[in-house]
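As numbered in the numbering used here, residues 15 to 81 make up the sequence shown, in order.
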Amino acid sequence: MRETWLNADIMLRTLQVTFQKSCFLSVFSSLQYVSWPDRGVHSYPDYIFAMVEDPYLQGSGPSPFCV
Numbered sequence: 015m016r017e018t019w020l021n022a023d024i025m026l027r028t029l030q031v032t033f034q035k036s037c038f039l040s041v042f043s044s045l046q047y048v049s050w051p052d053r054g055v056h057s058y059p060d061y062i063f064a065m066v067e068d069p070y071l072q073g074s075g076p077s078p079f080c081v
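Right under this line is the structure:
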């Protein structure tokens, strides 16, 4: 449905899940950390922790947070 760059490293996508192209099931958000090194480990995990702890991403509802 929508793509938003939160900063130079993080893309937020809003997706809508449907069944057989007509039955609306749910809307969820997906974060992509585009600066993750290929076949490696990121040198500064603080960016990942900040992303998970961001109040904007936590929301106010009972929705689960999956990493």
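Cβ atoms here follow ideal geometry from the backbone N, Cα and C, with glycine treated the same way. Predicted, not measured: the structure shown is a model, and the values here were computed from it.
Short Cβ contact (9 Å threshold) for residue i with residue j
i   : j   : result
L29 : S49 : no
First and last residue of the uninterrupted beta strand (DSSP E) at residue i
i   : result
V66 : No beta strand (DSSP E) contains V66, which is instead part of the alpha helix (DSSP H) from D60 to E67.
S43 : C37 to Y47
Q34 : No beta strand (DSSP E) contains Q34, which DSSP labels as neither H nor E.
R53 : No beta strand (DSSP E) contains R53, which DSSP labels as neither H nor E.
Residues of its chain near residue i, where Cβ-Cβ distance is below 7 Å and the 5 sequence neighbours each way are ignored
i   : result
L39 : V31, T32 and F33
Y61 : D23
Sequence-distant residues of the same chain with beta carbon closer than 6 Å to residue i, five excluded per side
i   : result
R16 : T28
Cβ shell of residue i (< 8 Å), same chain only, five flanking positions each side left out
i   : result
V41 : M15, T28, L29, Q30 and V31
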